[in-house]
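Every number in my numbering is 6 more than the matching position in the sequence shown, counting from 1. We put the CB at the ideal spot given by N, CA and C, even for glycine. Please read these numbers as outputs of a predicted model, since none were measured by experiment. The structure appears right after this line, and notes come after that.
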Amino acid sequence: MKELPKMYHNNIDKNINNNKKIFSTMYNSDTEVKSTNNFINNKNNYTVEQKIYNIFNSPNYIYKIDVIIVTDKGKDKKRIVGKTKTNLITMNNEYIPINTIRDIYIDN
7 MKELPKMYHN
17 NIDKNINNNK
27 KIFSTMYNSD
37 TEVKSTNNFI
47 NNKNNYTVEQ
57 KIYNIFNSPN
67 YIYKIDVIIV
77 TDKGKDKKRI
87 VGKTKTNLIT
97 MNNEYIPINT
107 IRDIYIDN
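Here's what the structure looks like:
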């Protein structure tokens with residue numbers, strides 16, 4: 007077998023400090039979420055926004071999750087896939103306004 011030529015590599019003997027520092031945040035300054043728990047506990051006095059935040063950050067949520075949504079009209083079982091600023095998006099491309107939701111929890 008033919009032997010390949012050796013490659014030149016320079017020894018680095020100084021500190022390299024040319025990396026950029028980047029700051030990122032998930033929320034805008036007008037949105038505030040006080041609970042960072044990854045589990046859902048409906049017995050606590052969480053708001054609907056906090057419950058939605060907990061659902062999307064739970065280990066059960068990959069890209070869709072079955073939930074029970076309680077509104078003034080009654081209970082509905084929906085499969086949610088996303089959230090905009092004011093709506094929840096279901097698997098059937100329905101938009102559910104968050105301000106009409108009274109309670110939300112994961113369907114077992």
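Here the segment 103-112 makes contact with the segment 74-93; the two share three or more CB pairs at distances below 8 Å.
Scanning its chain for C-beta atoms nearer than 8 Å, with the 5 sequence neighbours on each side dropped, one finds around K70 the residues R85, I86, V87, M97, in chain order.
When only Cα atoms are considered, Y67 and M7 end up about 53 Å apart. Per the C-alpha coordinates, the member of P11, N24, R108 positioned closest to K79 is R108. In this structure, the CA atom of I58 is about 41 Å from the CA atom of N23. Taken atom to atom, the span from the alpha-carbon of S64 to that of H15 is near 47 Å. Here N99 is exposed. Its C-beta has fewer than 16 other C-beta atoms within 10 Å.
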